[in-house]
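Working notes, beginning with the structure itself.
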Amino acid sequence: VLLPNYWKAADSSQDFSSMEMLDVSDAMQSRIQYLLDECFVMKSTRDRGGKMPCRLVVEMIQRLEHHALWKRYVEKRRMIQLKRGEVTAVEDMAGSGACKTTKALK
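Using our numbering, the first residue of the sequence shown is number -15, and each one after it goes up by one.
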């Protein structure tokens, strides 16, 4: 299984999992904060205790590099591709890179 080229781990023959701190610009952090602000729903649930937060604030940004999860994703993508005939891989979508989720916001 080919790993994303921006991952720190390059050897796909070994299982690994790591959290990588991302050094992002203030503008990127603002974009991620915007995503949180737009997605957060202030709703109480049974598992929440204490005071209800009115907002989530970005403290740090990390990327999960998890070999087993990536391998599972690649296998599922291949199965969907066989079923449908075509699939656009995540790495081929707009915004590919270290901060895939937010690059498309630029």
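Positions of the beta carbon are idealized from the N, C-alpha and C atoms, including for glycine.
Along the chain, where does the alpha helix (DSSP H) that runs through residue i open and close?
i, result
"M63", "H51 to R68"
"R14", "Residue identity check: residue 14 is Ser in the sequence provided, not Arg. It spans D10 to C23 - the alpha helix (DSSP H) in which S14 sits, taken as one unbroken run."
Is residue i helix, strand or coil by DSSP?
i, result
"A(-7)", "coil"
"V71", "coil"
"K87", "Bear in mind that the predicted position of K87 carries a pLDDT of just 41, short of 50, making it unreliable; the figure below should be weighed with that in mind. In this structure, K87 counts as helix in the three-state DSSP scheme."
"C38", "coil"
Rounded to whole angstroms, how far is the Cβ of residue i from the Cβ of residue j, which I believe are closer than 8 Å?
i, j, result
"L(-13)", "S(-4)", "5 Å"
"E49", "S2", "5 Å"
Within the continuous beta strand (DSSP E) that includes residue i, where are the two ends?
i, result
"M3", "S1 to M5"
* **Any 3 or more C-beta pairs closer than 8 Å across the segment 35 to 45 and the segment 5 to 21** => yes
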